[in-house]
Amino acid sequence: MQSSSRDSLKKSTEAVHEEHDAKHYGAVKMPIYQNSLFTYSSYKQFISAMGGQPDTYIYSRVNNPTVNVLEQMLAKLEGGEQARCFTSGMAAISTAILSTVKTGDHVICIDHAYSPAKHFLNSYLKRFEIENTFVSGTSITDIELAIRENTSLLYMETPTSYFHELQDLQACASLAKRAGIITIVDNTWATPMFQNPLKYGIDMVVHSTTKYISGHSDALGGAVIGSKEMIQKLEYTSLGSIMTPQIADLTMRGVRTLPVRMKTHQDTANKLAHFLQSVPHVRTVYYPGLPSHPQHELALRQMQGFSSLVSFETDLSIDLMQEWADSLRLFRIGVSWGGYESLVTVLSMPESSGSLVRLYLGLEDPEDIISDLTTAFNKLILRDR
Ligand SMILES: *Cc1c(COP(=O)(O)O)cnc(C)c1O
Numbered sequence: 007m008q009s010s011s012r013d014s015l016k017k018s019t020e021a022v023h024e025e026h027d028a029k030h031y032g033a034v035k036m037p038i039y040q041n042s043l044f045t046y047s048s049y050k051q052f053i054s055a056m057g058g059q060p061d062t063y064i065y066s067r068v069n070n071p072t073v074n075v076l077e078q079m080l081a082k083l084e085g086g087e088q089a090r091c092f093t094s095g096m097a098a099i100s101t102a103i104l105s106t107v108k109t110g111d112h113v114i115c116i117d118h119a120y121s122p123a124k125h126f127l128n129s130y131l132k133r134f135e136i137e138n139t140f141v142s143g144t145s146i147t148d149i150e151l152a153i154r155e156n157t158s159l160l161y162m163e164t165p166t167s168y169f170h171e172l173q174d175l176q177a178c179a180s181l182a183k184r185a186g187i188i189t190i191v192d193n194t195w196a197t198p199m200f201q202n203p204l205k206y207g208i209d210m211v212v213h214s215t216t217k218y219i220s221g222h223s224d225a226l227g228g229a230v231i232g233s234k235e236m237i238q239k240l241e242y243t244s245l246g247s248i249m250t251p252q253i254a255d256l257t258m259r260g261v262r263t264l265p266v267r268m269k270t271h272q273d274t275a276n277k278l279a280h281f282l283q284s285v286p287h288v289r290t291v292y293y294p295g296l297p298s299h300p301q302h303e304l305a306l307r308q309m310q311g312f313s314s315l316v317s318f319e320t321d322l323s324i325d326l327m328q329e330w331a332d333s334l335r336l337f338r339i340g341v342s343w344g345g346y347e348s349l350v351t352v353l354s355m356p357e358s359s360g361s362l363v364r365l366y367l368g369l370e371d372p373e374d375i376i377s378d379l380t381t382a383f384n385k386l387i388l389r390d391r
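Taken in order, the sequence shown gives residues 7 to 391; the numbers are from the numbering used here.
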């Protein structure tokens, strides 16, 4: 296919049309290159491969054709020049962060970022005298005030995964550019279907492909996407946490159905968020797709859709809400999200003596999910009397 005609394709078409060369007996998808190394029959060919000749492979920790196909798919969907895939979201995040800092630097990170990412900044990087400031991220002024002369990185995650707070991508990218600061956005919540931070001038996007992208709760993985220049600066060959071919194949299978899955997730979450607003004891529903979300306008501006993490605050104790969670039939109790199965987590809200419930809505029928939640709420309300 001509690349000029490909550029106009919709993302749902891109997701099922990966490019691989046609030398595999017409196999509809590329067979998995399940090998650690590539060999050459002459020293001349070997030397030219070692010299970085295109389409040549040496060793799968550096480059593997199966992993490369997934990388090209993700780069296309995010609107980036290049992608690199890793063994987990955290491997992608730590490798991306390490490529932007040196001793004596300062990092600004948003408060509600994924906690292991915060831990990496807060404890590991501190050993190398890399300082940080955590800011809410909902106000551009807070971010601006946190900038120091030695700030080298602004690390973001929008929306965040419990309160679904947003950062203004355009404003953050232009502020950072003026100050000479690199920007990284964790785009796991929205997926490339619903948000493309690179188009606002963000330097690197990171993903936990473990979540929606692979989509079946069976493959840990991560990705970093950006310009060729950014991706080539990643120290991935020596940090050594590159994705393996089998996982790349499983993840690609997820990518092919990502557009249809995300539509279903969005429809279900929209129904559920509206339903939850009418439930007694629910104080606030947190979901950027709701007009009542304080950043709904920004969400409409920078996102093309909303995925299926919905949280709500109740005036009931964490103990009661954990019992409530136990009584759900369709929700399993667990961390993570992005698979086919609905999940629930309950946290305490010490400031308000209530509790926060986060629902991850899987691919079950929304009517069944609403009826499951209704039954559990009714039991609670009866008990409460
Ligand atoms: C899960 C998650 C990560 C980390 O990904 P792993 O694949 O578990 O390493 C990073 N960011 C967000 C928002 C996540 O939900």
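Each residue gets a CB set at the ideal place from its N, CA and C atoms; glycine is no exception.
Open item on the list: Let me check you understand the geometry: is the CB of Leu-226 closer than 7 Å to at least one non-hydrogen atom of ligand 1?
Closed with: Checking the 7 Å criterion, the Cβ of Leu-226 is within range of a heavy atom belonging to ligand 1.
- [ ] Keeping to the same chain, check which residues put their C-beta closer than 7 Å to that of Asn-156; ignore five residues upstream and five downstream.
- [x] Only residues of its own chain outside the window of five on either side were considered, and among them Gly-110, Asp-111, His-112 have a CB closer than 7 Å to the CB of Asn-156, listed in chain order.
Open item on the list: Just to confirm my understanding: we take Trp-195, look at its own chain, exclude 5 residues before and 5 after, and list those with CB closer than 7 Å. What are they?
Closed with: Pro-165, Ser-167, Ser-313, Leu-315, listed in sequence order.
Open item on the list: For Asp-255 and Val-341, I'd like the C-alpha separation in whole angstroms.
Closed with: As the crow flies, the alpha-carbon of Asp-255 is around 24 Å from that of Val-341.
Task: Limits of the beta strand (DSSP E) - the one that Tyr-49 falls within - done: Taken as a continuous stretch (DSSP letters only), Tyr-49 belongs to no beta strand (DSSP E), being part of the alpha helix (DSSP H) at 49-56.
Task: Proximity below 8 Å, CB of Leu-172 to CB of Pro-297 - done: The answer is no: Cβ separation not under 8 Å.
Open item on the list: Buried or exposed, going by whether 16 or more other CB atoms sit within 10 Å of the CB of Leu-304?
Closed with: Buried is the call here.
Open item on the list: Tell me the DSSP secondary structure of Arg-338 in three-state form.
Closed with: Here Arg-338 sits in strand by DSSP.
Open item on the list: Taking 7 Å as the cut-off, is the beta-carbon of Ala-102 closer than that to any non-hydrogen atom of ligand 1?
Closed with: Ala-102 Cβ: outside cutoff for every heavy atom of ligand 1.
- [ ] Return the CA-CA distance between Thr-334 and Leu-104, expressed in angstroms with no decimal places.
- [x] In the sequence on display, residue 334 carries Leu and not Thr. About 42 Å.
Task: Boundaries (first-last residue) of the beta strand (DSSP E) holding Val-291 - done: Where Val-291 is concerned, the enclosing beta strand (DSSP E) stretches over 288-292.
Task: Reduced DSSP category for Met-7 - H, G, I as helix; E, B as strand; rest coil - done: For Met-7, the predicted structure reports a pLDDT of 39, less than 50, and the residue's modelled location is therefore unreliable. A value from the coordinates is still provided. Looking at Met-7 - three-state DSSP - the assignment turns out to be coil, as it is neither helix nor strand.
TODO: Compute the minimum distance between the beta carbon of Gly-95 and the heavy atoms of ligand 1, and state whether it is under 7 Å.
DONE: Distances taken from the Cβ of Gly-95 to the heavy atoms of ligand 1 include one shorter than 7 Å.
Task: For Asn-70 and Thr-392, the rounded distance between their alpha carbons - done: This structure does not reach residue 392, given that the chain is present from 7 up to 391, and the question cannot be answered.
- [ ] Output the distance between the C-alpha atoms of Ala-123 and His-26, rounded to the nearest integer angstrom.
- [x] If I take the Cα positions, the gap works out to 34 Å.
TODO: Go ahead and pull the three-state DSSP assignment for Leu-278.
DONE: Leu-278 falls in the helix class under three-state DSSP.
Open item on the list: For Thr-250 and Asn-384, what's the separation of their Cα atoms in angstroms?
Closed with: Their backbone Cα atoms lie some 47 Å apart in a straight line.
- [ ] Check whether the Cβ of Trp-330 lies closer than 7 Å to any heavy atom of ligand 3, and answer yes or no.
- [x] The model depicted lacks ligand 3 and carries ligand 1 instead.
Task: Gly-345, DSSP secondary structure in three states - done: In the structure shown, Gly-345 sits in coil (DSSP, three-state: anything other than H, G, I, E or B).
TODO: May I ask whether a heavy atom of ligand 1 can be found less than 7 Å away from the beta carbon of Lys-17?
DONE: Lys-17 Cβ: outside cutoff for every heavy atom of ligand 1.
Task: Three-pair Cβ contact test at 8 Å for the region 177-195 versus the region 277-291 - done: Contact between the region 177-195 and the region 277-291 is absent, because fewer than three Cβ pairs lie under 8 Å.
Task: Bridge partner(s) assigned by DSSP for Gly-228 - done: In the DSSP secondary-structure assignment, Gly-228 is bridged to Phe-92, Ser-214.
Open item on the list: If you measure between the beta carbons of Ser-158 and Asp-117, is that distance less than 8 Å?
Closed with: One thing to note: Ser-158 has its Cβ no nearer than 8 Å to the Cβ of Asp-117.
- [ ] For Val-191, collect the residues of the same chain with a Cβ closer than 6 Å to its Cβ; drop the 5 residues on either side in sequence, then sort them by chain order.
- [x] Result list for Val-191: Met-162, Pro-203, Ile-208, Val-211, in chain order.
Open item on the list: Measuring only the C-alpha atoms, how far is Ser-100 from Thr-147?
Closed with: For the pair Ser-100 and Thr-147, the Cα-to-Cα distance works out to about 27 Å.
TODO: Pull up the distance between the alpha-carbon of Tyr-130 and that of Leu-379, whole angstroms please.
DONE: Between Tyr-130 and Leu-379, the C-alpha separation is close to 41 Å.
TODO: Verify the contact flag: Asp-192, CB atom, against every heavy atom of ligand 1, threshold strictly below 7 Å.
DONE: Result yes, Cβ under 7 Å from ligand 1.
Task: Proximity of Met-199 and Leu-264 at Cβ, strictly below 8 Å - done: It is a contact, given that the beta carbons lie within the stated cut-off.
TODO: Inspect the CB distances between the region 68-82 and the region 227-237 and report whether three or more fall short of 8 Å.
DONE: By the C-beta criterion, the region 68-82 is judged to be in contact with the region 227-237, since at least 3 inter-stretch pairs fall below 8 Å.
TODO: Can you tell me which of Gln-301, Ala-102, Val-261, Arg-67 puts its alpha carbon nearest to the alpha carbon of Ala-21?
DONE: Nearest C-alpha to Ala-21: Val-261.
- [ ] Please say whether His-213 and Asn-193 have beta carbons closer to each other than 8 Å?
- [x] Going by C-beta atoms, Asn-193 is nearer than 8 Å to His-213.
Open item on the list: Whole angstroms are fine: how far does the CA of Tyr-65 sit from the CA of His-299?
Closed with: Here the C-alpha atom of His-299 lies approximately 49 Å from the C-alpha atom of Tyr-65.
TODO: May I ask you to report which of helix, strand or coil DSSP gives Asp-371?
DONE: Coil.
TODO: For the beta strand (DSSP E) holding Leu-68, just list the boundary residues, first then last.
DONE: According to the sequence shown, residue 68 is Val rather than Leu. Val-68 -> no beta strand (DSSP E), and no H or E assigned at all.
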